[in-house]
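Remarks on the structure that follows.
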Amino acid sequence: MAGKPGTTPTTYSPSPTTQKTRRPIFNENDVDWVRPDGRGFHQCRPAFFRTGAVNAASGSAYAEFGNTKVIVSVFGPRESKKAMMYSDIGRLNCSVSYTTFATPVRGQGSEHKDFSSMLHKSLEGAIILETFPKTTVDVFALVLESGGSDLPVVISCASLALADAGILMHDLVASVSLSCLGKNLVIDPILEEESYQDGALLITCMPSRYEVTQLTVTGEWSTPKINEGMQLCLDACSKLAKIMRSCLKEATSTSQE
Amino acid sequence: MEFVSPEGLRLDGRRPMEMRQIRAEIGAVAKADGSAVFEMGNTKVIAAVYGPREVQNRSQQINDQALVRCDYSMANFSTGDRMRKPKGDRRSTEISLVIRQTMEACILTHLMPRSQIDIFVQVLQADGGTRSACINAATLALADAGIPMRDLVTSCSSGYLNSTPLLDLNYVEDSAGGPDVTVGFLPKLDKVTLLQMDSKLPIDIFEKVMQLAIEGCKAIANYIREIMLENTKQLEYRRGI
Amino acid sequence: MVGLSLGEKHFIQGGIAQDIRSDGRKRLTYRPINVETGVIPQANGSARIRMGATDVISTVKAELGKPISLQPDKGKVSIYVDCSPTAAPMFEGRGGEELSTELSVALQRSLLGGKSGAGAGIDLSSLVVVEGKICWDLYIDCLVVCSDGNLLDALGAAIKAALSNTGIPRVQVAAGASGDEQPEVDISDEEFLQFDTSDIPVIVTLTKVGRHYIVDATTEEESQMSSAISISVNRKGHICGLNKRGGAGLDPSIVLDMISVAKHVSEQLMNKLDSEIAAAEAGEDES
């Protein structure tokens, strides 16, 4: 590789992954800038889903989007712990946690505290809670590697796991996030792109019902930009939902054989 | 360090027997059953009372009395250096217990069996004497909530620096390391319900210091009574009486 | 809070459908806003906002610190919300933590912009003292004293008022510091720099009850909501942050409609807030 700094060390030492100064990965005036992994601006990473990853759980799913790897397991419906609080609809309990090796720098947890409540909000609109009164469904998500766009992958994987567990839902929930870098809108950003973003948009929707269950916008946006961003995301969500559906169908057809 | 100058003035210009300026306001938190704000100089405290209401934790229910609970917390910005962990530290737990015991002694708990009274105290600004301000605020809040009490509980602190008994210490005088006596007093019944002291004092000087604190409590009791009368007049006016 | 009976629920929903709410307001009217600045003299800046029964206090404390190595020309801001047990008995101990985290994250999202710092309401580069070595750390601490719905709007307004009341002390840097040494700084007690708050956005929460949107919901109205969107709009009319709460799904066209309604309401709110803050500061100067 041309331009490698320094001489090769005689004893093993880990390669320096963090640099003191940061070169911007894009130039504002550069019109035909290509993303680091070669995708187009409106192209998502190839998605890989597999259900039935965890045997002990009622339902589970594993998702891999480029470098982002997530595994979700669903337990339930099982008896509510707080038996004194009677409720005639079911309860949903979500928890998102990161492994210590998920991020390049060990144990960075400050941004992820609210992911559990965001996952809860995204899913509670889709699950038909009236079908399991007095019980609780637990959704546990574990991010094995964080490669950008973590929360959307967690949400999509969680809805697959819920489907695998046989919980009744109105529709599958698909989620996509969008980054604004300068004037360009890029879908499904990777970690590097996320750290430079000027704004972010996260949409969770139920494609066949055409309903948005969760929407978060960060940074400064003008209305036409939000319009464009939402349209892009909704299209991407419907494509993602098709992939999720085909994965579920495959899983059932292989188990039937 | 000189806490009392040769002319007899303290660091903030007060005389040794002079209290800081007190100000109270009833009904600060609209949603609570009773609430009050109490200021002693720069120390500012909000108290809110919720109750009597149903006991939340059945196992704690007492069949012939009301359960009194208290929670003391300081805001992040209340002290000069920003506090990182405002809740759950040992000092807060101790002061919560002290306030609870003081108020429980004067509330007529046998009139409200199987119920719960919650007293929440939040310190907005701390400049010495937070314990006393909290008790005074709690008294006003309980009165605002209409909870039957034997008498008003007022509290004041006093200390002994540079061979002078001082009334109502502020933060600088408190952290000087000298003795700090906090007294909780029932003015009409003329009884002491709380007595705490840090550091050490010879007995005869202790009596003088405690007497000084009791005088301070009586003065606060007069002020509290005025405030409550004023508040009742306001309520009558609003009712059209 | 006592639960609502079926009759009361119908009353609230019916009233909103007819554009008359329980306290007589129209759907897009705010409750009277009361602003007091300088309530906590120990902090660099503070404000107390009352919107009806909702009461929040916000303070700003500035301390000297080291900038992050990846962004040496920017200061740091951290926002923290604490729900006091005086607001509701269930906030005692750890009970209010979930709500506090949710509010803190929502406020950070609205006021601090994207990761690269673009679109932030607060100009972080004005906080730097010596590039790469010393910068101001702003700690914005909010306390919810009484909660009667619409906490996010009240907190956003309180932060705006507190920041306009903030004075950052002038710092004298000793010349001749070189390399990695920490330069000597002399914090002056006299001179203060006022913060420029014209760019700080306001947060407008639109609550959807039935088929209509209301602004500034009380706790009873919030219990009837199907979903709510909190939109943070700045003076230029750009959206600086958006959060959706509530479980029900929303059609995307409804979302865009709510955004346009919010922009319209935010102009009035911003003007009202600015005049109230100016009045509060003038009142404080006189006293």
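Protein chains in written order, with the numbering used here: chain G, 1 to 257; chain Y, 1 to 241; chain S, 1 to 287.
Glycine included, every Cβ here is placed at the ideal spot set by N, Cα and C.
Helix, strand or coil for residue i? Go by DSSP, reduced to three states.
i	result
residue 43 of chain S	coil
residue 131 of chain G	helix
residue 215 of chain G	strand
residue 284 of chain S	helix
residue 65 of chain G	strand
residue 243 of chain Y	Examination of residue 243 of chain Y is not possible in this model, given that chain Y is present from 1 through 241 alone.
residue 11 of chain S	helix
residue 351 of chain S	This structure leaves residue 351 of chain S out entirely; chain S is present only between 1 and 287.
residue 146 of chain S	strand
residue 260 of chain S	helix
residue 18 of chain Y	coil
residue 70 of chain Y	strand
residue 274 of chain S	helix
residue 34 of chain S	strand
residue 112 of chain G	helix
residue 156 of chain G	helix
Within 10 Å of its beta-carbon, does residue i have 16 or more other beta-carbons around it, so buried, or fewer, so exposed?
i	result
residue 119 of chain G	buried
residue 104 of chain G	exposed
residue 60 of chain Y	exposed
residue 65 of chain G	buried
residue 253 of chain G	exposed
residue 115 of chain G	buried
residue 299 of chain Y	A question about residue 299 of chain Y goes unanswered here, because the residues of chain Y that appear run from 1 up to 241.
residue 208 of chain Y	exposed
residue 126 of chain S	exposed
residue 246 of chain S	buried
residue 73 of chain Y	buried
residue 277 of chain G	Past the edges of chain G, shown from 1 to 257, lies residue 277 of chain G, and the structure says nothing about it.
residue 278 of chain S	exposed
residue 104 of chain S	buried
residue 224 of chain Y	buried
residue 193 of chain G	buried
residue 239 of chain S	buried
residue 7 of chain Y	exposed
residue 103 of chain Y	buried
residue 68 of chain G	buried
residue 46 of chain Y	buried
residue 46 of chain G	exposed
residue 243 of chain S	buried
residue 167 of chain G	buried
Is residue i near the ligand ADP, with its Cβ less than 6 Å from a heavy atom?
i	result
residue 193 of chain Y	No copy of the ligand ADP appears in this structure; indeed no ligand is present at all.
What alpha helix (DSSP H) runs, 4 residues minimum, are completely inside the region 42 to 114 of chain S?
-> 97 to 112
Could you run through the region 119 to 143 of chain S and flag, in chain order, every residue whose CB is less than 7 Å away from some CB of chain Y?
-> If the cut-off is 7 Å between Cβ atoms, the region 119 to 143 of chain S has 139, 141 and 143 near chain Y.
Which residues, taken in chain order from the region 32 to 47 of chain Y, show a beta carbon closer than 9 Å to some beta carbon of chain S?
-> 32, 35, 42, 44, 46 and 47
Contact between the region 117 to 133 of chain G and the region 50 to 69 of chain G (3+ Cβ pairs under 8 Å) | no
Below 8 Å, can you find three or more Cβ-Cβ pairs linking the region 57 to 68 of chain S to the region 130 to 143 of chain S?
-> A contact exists between the region 57 to 68 of chain S and the region 130 to 143 of chain S.
With 7 Å as the limit, tell me which residues of the region 201 to 221 of chain S have their beta carbon closer than that to any beta carbon of chain Y; keep them in chain order.
-> none
Tell me, please, whether the region 123 to 135 of chain Y touches the region 169 to 189 of chain Y by the rule of three or more beta-carbon pairs shorter than 8 Å.
-> Result yes; three or more Cβ-Cβ pairs closer than 8 Å.
With a floor of 3 residues, list each beta strand (DSSP E) that falls wholly inside the region 27 to 58 of chain Y, ordered by position along the chain.
-> 34 to 40 and 43 to 54
Within 9 Å of chain G by C-beta, residues of the region 228 to 252 of chain S in sequence order = Contact annotation: in the region 228 to 252 of chain S, residues whose CB is within less than 9 Å of a CB in chain G are 229, 231, 232, 234, 236, 237, 238, 239, 240, 241, 242, 243, 244, 245, 246, 247, 248, 249, 250, 251 and 252.
Scan the region 112 to 133 of chain G for residues whose Cβ lies nearer than 8 Å to a Cβ of chain S and list them as they occur along the chain.
-> 113, 114, 117, 121, 124, 125 and 126
Jot down the residue ranges of each uninterrupted beta strand (DSSP E) in the region 176 to 237 of chain G, minimum 3 residues, whole runs only, in chain order.
-> 184 to 187, 199 to 206 and 211 to 221
Within 9 Å of chain S by C-beta, residues of the region 69 to 84 of chain Y in sequence order = Of all residues in the region 69 to 84 of chain Y, 69, 71, 73, 75, 76, 77, 78, 79, 80, 81 and 82 have a Cβ within less than 9 Å of some Cβ in chain S.
Between the region 104 to 113 of chain Y and the region 25 to 40 of chain Y, do three or more beta carbon pairs fall short of 8 Å?
-> Taking a cut-off of 8 Å on C-beta distances, the region 104 to 113 of chain Y does not touch the region 25 to 40 of chain Y, as fewer than three cross pairs fall below it.
Quick check: the region 233 to 243 of chain S against the region 195 to 207 of chain S, are there 3 or more CB pairs under 8 Å?
-> yes
Quick one: any contact between the region 28 to 35 of chain S and the region 260 to 280 of chain S, if contact means 3 or more CB pairs under 8 Å?
-> yes
Select from the region 254 to 267 of chain S all residues with a C-beta closer than 9 Å to any C-beta belonging to chain G, and list them in chain order.
-> 254, 255, 256, 259, 260 and 263
Examine the Cβ distances between the region 139 to 146 of chain G and the region 228 to 238 of chain G and report whether three or more of them are shorter than 8 Å.
-> Result no; under three Cβ-Cβ pairs closer than 8 Å.
Listed in chain order, which residues of the region 20 to 46 of chain S have Cβ atoms closer than 7 Å to some Cβ of chain Y?
-> Answer in chain order: 40, 42 and 43.
Complete beta strand (DSSP E) runs within the region 99 to 179 of chain Y (minimum length 3 residues, chain order) = Here the runs fully enclosed are 115 to 125, 154 to 161 and 164 to 167.
Does the region 156 to 166 of chain Y touch the region 76 to 89 of chain S, meaning 3 or more C-beta pairs lie closer than 8 Å?
-> no
Does the region 199 to 214 of chain G come close enough to the region 168 to 180 of chain G that 3 or more CB-CB pairs lie under 8 Å?
-> yes
Note down, in chain order, all residues in the region 152 to 175 of chain G with a beta-carbon under 7 Å from any beta-carbon belonging to chain S.
-> none
Stretch-stretch touch, CB-based, cutoff 8 Å, three pairs: the region 156 to 174 of chain S with the region 35 to 55 of chain S = Output reads yes: the region 35 to 55 of chain S touches the region 156 to 174 of chain S.
May I ask you to list, following chain order, the residues of the region 118 to 150 of chain Y that have a beta carbon less than 7 Å from some beta carbon of chain S?
-> Residues passing the 7 Å Cβ filter: 118, 120, 122, 124 and 125.
Anything in the region 198 to 232 of chain G with a Cβ closer than 7 Å to a Cβ of chain S? List those residues in chain order, please.
-> Going along the region 198 to 232 of chain G in chain order, one finds 198, 199, 200, 206, 209, 210, 211, 212, 213, 214, 215, 216, 217, 218, 219, 220, 221, 222, 223, 226, 227 and 230 with a Cβ nearer than 7 Å to chain S.
Could you run through the region 56 to 67 of chain S and flag, in chain order, every residue whose CB is less than 8 Å away from some CB of chain Y?
-> 57, 59, 61 and 63
With contact counted as at least three CB pairs below 8 Å, one residue from each stretch, are the region 36 to 56 of chain Y and the region 134 to 142 of chain Y in contact?
-> Output reads yes: the region 134 to 142 of chain Y touches the region 36 to 56 of chain Y.
Just checking, does the region 195 to 204 of chain Y make contact with the region 215 to 233 of chain Y on the three C-beta pairs under 8 Å criterion?
-> no
Are the region 206 to 215 of chain S and the region 16 to 25 of chain S in contact at 8 Å, needing three or more beta carbon pairs?
-> yes
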